[in-house]
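So the structure is just underneath, and the comments pick up after that.
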Amino acid sequence: LHTLYGQSLRHNTNFFIEYFALDLIMEDGECVGVTALNMEDGTIHRFRAHKTVLATGGYGRAYFSATSAHTCTGDGMAMVSRAGLPLQD
């Protein structure tokens with residue numbers, strides 16, 4: 139994630155820091171964006187995109203004992219699964 143962030147600084151990139159991704163926006167079997175919750179005011183936003191990159195980590199916290207970060211809750215994989223897309227390691 140740090141490499142992705144570092145490379146994006148070289149371009150005219152907008153960052154939405156305090157947002158929590160909820161679901162992928164799918165059209166004809168293709169991901170065209172994401173819906174997200176603004177954590178500051180509770181509003182829901184749609185972000186349309188030609189390409190979508192998920193950098194959400196794993197799901198180690200689904201287990202009682204894990205060495206992964208507390209943020210590895212499987213949210214990204216849940217979005218992919220709800221969208222009907224295949225999961226891959």
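For the sequence shown, the numbering used here begins at 139 and goes up steadily by one.
Idealized CB from N, CA, C, for every residue including glycine.
Note that the structure is a prediction, hence the values are computed from the model and not measured.
{"query": "Using 10 angstroms around the beta-carbon of V172, count the other beta-carbons present and answer buried if the total reaches 16, otherwise exposed.", "result": "buried"}
{"query": "Can you tell me whether M164 is helix, strand or coil according to DSSP?", "result": "strand"}
{"query": "Considering only C-alpha positions, which residue in the set Q226, I163, D213, M217 is nearest to K189?", "result": "I163"}
{"query": "Starting from the Cα of V170, find the closest Cα among F185, G144, G222 and give me that residue.", "result": "F185"}
{"query": "Compare the Cα-Cα distances from V218 to each of E178, E168, S203, A204 and report the closest residue.", "result": "E168"}
{"query": "In its own chain, which residues sit with a C-beta less than 6 Å from the C-beta of A159, not counting the 5 before and 5 after it?", "result": "V172, A174"}
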